[in-house]
Amino acid sequence: MATVFVRDLRFTTIIGCLDWERQAPQRVSIDLAMEWDIDAAVQGDDLGHALDYQAVADRVTEFVQAQEFKLVESAVAGIADLIITEFKVPELTVTLSKPHAVSGAAAVGVTLTRRA
Numbered sequence: 074m075a076t077v078f079v080r081d082l083r084f085t086t087i088i089g090c091l092d093w094e095r096q097a098p099q100r101v102s103i104d105l106a107m108e109w110d111i112d113a114a115v116q117g118d119d120l121g122h123a124l125d126y127q128a129v130a131d132r133v134t135e136f137v138q139a140q141e142f143k144l145v146e147s148a149v150a151g152i153a154d155l156i157i158t159e160f161k162v163p164e165l166t167v168t169l170s171k172p173h174a175v176s177g178a179a180a181v182g183v184t185l186t187r188r189a
């Protein structure tokens, strides 16, 4: 097993419970660390056996933007379930950060590790 990662996937979306958070999209940052058996991909040097991190990043962006989550906790749980279900990843860690959401803090967020 290896860890395939996407670090600092940035986009804007509606996320949050407060009225001001739901009025305009906010920047979020997502980190993904996904366990993946890379042996077949290495042997054949074949993308067909690799975890396509561009496809994962595109799908996560689309999913989060469509859902307009209120809670960061719900967003990371949804992302984890999506990746496990659609990409057959056996284990992953998802972090979603909201930069500058709290005065004086660079970012706030939630990290979740989940197994299939």
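When you read off a place in the sequence shown, starting at 1, and then add 73, the result is the number in my numbering. Even for Gly, the Cβ is constructed at its ideal location relative to N, Cα and C.
Item	Value
Inter-residue Cα distance where the pair is Asp-125 and Pro-98	27 Å
Contact belief for Gln-127 with Thr-86 at Cβ below 8 Å, rounded distance in angstroms	Incorrect: roughly 19 Å between the Cβ atoms, too far for contact.
Exposure label - Ala-113; buried when at least 16 CB within 10 Å	exposed
Whole-angstrom distance between Lys-161 and Ile-152, CA atom to CA atom	13 Å
Inter-residue CB distance, Val-183 and Ala-130 (contact presumed, cutoff 8 Å)	Between Ala-130 and Val-183 the Cβ distance is about 19 Å, and since that is not below 8 Å, they are no contact.
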